[in-house]
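What follows is a short report on a single structure.
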Amino acid sequence: MMDFETEYIEEPSLKFKTGEAKDPRAGLMEYGPWTPGSSGHNEIKIGLIGTNRSISAVKGLLQEMETVIPRNSEEVKRHQPPFPSMGPNSPFEASFVLMDRHQSEFTRRDLDHITQHDSPSKNVGILLDQMDKRLQILKRRNDPPPDVVIVAIPEEIEDACTSSGVNKAKMKDGPTDFHDRIKTFGLKYDVPTQLIRPASVHFDGTGQSKAEVAWNLSVGLLYKSREGKPWKVADLAEDTCYAGISFYRERHGDRSKAHASLAQVFLDTGESFVVWGDPAIKDDSKSNYHLTKDSAEDIVTQILDQYTMNKPRPERLVLHKTSRFHDEEKEGFLNAASDIPKLDFVTIREGDGIRLFPSGDYPPLRGTVLHPRNTNKYFLYTQGYVPSLETYPGPRIPTPITVELDPDINHTSYREICREILSFTKLDWNTSSFCKKQPVTIKVARSVGAILAESKNRGIDVQPQYYYYM
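FYI, in the UniProt record's numbering the residues of the sequence shown are 1 to 470.
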């Protein structure tokens, strides 16, 4: 039987404008966003694309968000507080600005044109052409243009653009994903976008509550407006550069070499940037990919160049990957970081099948680490019972992620590495929830890859700022 050690790593704190908290929502309500924007109070100009009905539904929600939105249940749950409201006195220090000139409405004729085919794929293609034109018009006819454009997807379009039995969030035109193409239009016209599906604004009891949607939408729009940052991790080292390296499938390429590399660079300020690298090589005996020495050197050079555009050269570099570090990669990474005194190469993955079964009604504490003795593997519970919330805020039995320190490149203790990973599970500004299972260094790099592939395939210039991709 394998011999395990267990340890608990305390919950990392987040930093807000005037204080610190462990819970993003509690911190925003009590202390305000980390950086509210250049003017102190951020007026977010919202653009809208949709039908009269879908636009009205979204506008109704945004206007309702100017008041307190109560939780659905009378039961007090610390992780599900009422939404505190936007507006002049909002803890978000932000207001939504809605103007008719920032709206683009589908007519009945447009709808008939979009929904005319029996093939959902063809309908998605027509819809994407319409979206391209409308985003271009919203951008070019307005000075200043909207800060964020919300695409309010109408029900009739969603129905006509998905096959029976297919998840309606997965509208596709062949290999082209609707969500990814909308994000490429945002890159093309330099305006962040937000998709809102019908289920997100109907509140029929089958999806998220109105307060939950309001919380998540407000945090996302605040960041996408390019003015505010909701929070940052309180204790990330100022002299450390963090980056997650991932691989994504290129479109219409040679399938034997159809993956390219990307990385997301994270600063202690909470800012993040995307950099993209060369094609990857498939490992001989596995489905994993790795970089050549030169490509590895190039992407870490880009990572450090992006970091030093904002800060001095780091004292420490931390690289996260979902696969082990290939010898050829390591040689290239080390060449690019030869002047960095402290290096940590960390593999993070799921699915190793290890679980801890505590006595009682609750799962293990978030922050619990299981360590098989005499190994460099650590099983970290990034989800679990949270003492400060007095509950486990999740729907399923949690399982740990596997954290594996490279046997050669590991300057920092596993406790500090795991604490940093816990911190990065709280840095996803696409949501206001307490945490995610995967750290953003891994989760975000994966999701960005599909958008990068679509953009590069269509000759659209890509940008490093993450708000275009989320």
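Even for Gly, the Cβ is constructed at its ideal location relative to N, Cα and C.
Item                                                                                                                                                                                      : Value
Quick check: the Cα distance between K436 and R458, rounded to an integer number of angstroms?                                                                                            : 32 Å
Name the DSSP beta bridge partners of F325, please?                                                                                                                                       : Paired residue(s): none; F325 is not in a bridge.
What's the C-alpha gap between V444 and L422?                                                                                                                                             : 15 Å
Taking all protein chains shown into account, do 16 or more other C-beta atoms lie within 10 angstroms of the C-beta of Q306, making it buried, or fewer, making it exposed?              : buried
For F16 versus W231, is the C-beta spacing smaller than 8 Å?                                                                                                                              : yes
When the Cα atoms are used, what is the spatial distance from A450 to G360?                                                                                                               : 42 Å
Specify the secondary structure class of D461 as computed by DSSP and reduced to three states.                                                                                            : coil
Starting from G220, trace the alpha helix (DSSP H) both ways and give me its first and last residue.                                                                                      : 210 to 224
Can you give me the start and stop residues for the alpha helix (DSSP H) that L28 sits inside?                                                                                            : 24 to 31
Excluding sequence positions up to five away, which residues of its chain have a Cβ less than 6 Å from the Cβ of K45?                                                                     : V97, P146, D147
I'd like the list of long-range same chain contacts for E10, defined as Cβ closer than 7 Å, with 5 residues on each side in sequence excluded.                                            : G367
Given a threshold of 16 other Cβ atoms within 10 Å of its Cβ, counted over all protein chains shown, does T51 qualify as buried or as exposed?                                            : buried
In the DSSP assignment, what are the bridge partners of Q264?                                                                                                                             : G244, V274
Restricting to runs no shorter than 4 residues, where is the alpha helix (DSSP H) found entirely within the stretch 41 to 77?                                                             : 52 to 64
How many angstroms separate the CA atom of R255 from the CA atom of G186?                                                                                                                 : At R255, the pLDDT of 48 sits below 50, so the modelled position is not reliable; the number obtained from the coordinates is stated separately. Cα to Cα, the separation comes out at about 28 Å.
Which first and last residues belong to the alpha helix (DSSP H) in which R109 is found?                                                                                                  : 108 to 114
Between the stretch 386 to 402 and the stretch 307 to 324, are three or more C-beta pairs nearer than 8 Å?                                                                                : no
V201 and I49 - do their beta-carbons sit closer together than 8 Å?                                                                                                                        : no
Comparing C-alpha positions only, which one of D408, P387, S413, C418 sits nearest to T402?                                                                                               : C418
Less than 6 Å between C-beta atoms, sequence neighbours within five positions excluded: which residues of the same chain meet that for T18?                                               : Y31
From the DSSP output, in three-state form, read off K229 for me.                                                                                                                          : strand
State the Cα-Cα distance for the pair L195 and I153, rounded to the nearest angstrom.                                                                                                     : 7 Å
Is the number of C-beta pairs between the stretch 288 to 296 and the stretch 326 to 336 that are closer than 8 Å three or more?                                                           : yes
How big is the Cα-Cα spacing for I442 and V68?                                                                                                                                            : 35 Å
Are there 16 or more other CB atoms within 10 angstroms of the CB of M131, so buried, or fewer, so exposed?                                                                               : buried
Using only alpha-carbon positions, find the residue among D352, E64, I157, P88 that is nearest to R109.                                                                                   : I157
Just to confirm, is the Cβ distance from P88 to R25 under 8 Å?                                                                                                                            : no
Can you tell me which of S287, G270, R134, V300 puts its alpha carbon nearest to the alpha carbon of G277?                                                                                : V300
With a cut-off of 8 Å on the beta carbons, I'd call I303 and T322 a contact; round off their distance for me.                                                                             : No, I303 and T322 are not in contact; Cβ-Cβ is about 17 Å, not under 8 Å.
Identify, in the order they occur along the chain, each residue of the same chain with its Cβ nearer than 6 Å to the Cβ of T431, setting aside the five sequence neighbours on each side. : N216
Just to confirm the assignment: which complete alpha helix (DSSP H) runs, minimum length 4, are found wholly within the stretch 337 to 418?                                               : none
Return helix, strand or coil for Y466, following the three-state DSSP convention.                                                                                                         : helix
Can you tell me whether K133 is buried or exposed? The criterion is at least 16 other CB atoms within 10 Å of its CB, across all chains shown.                                            : exposed
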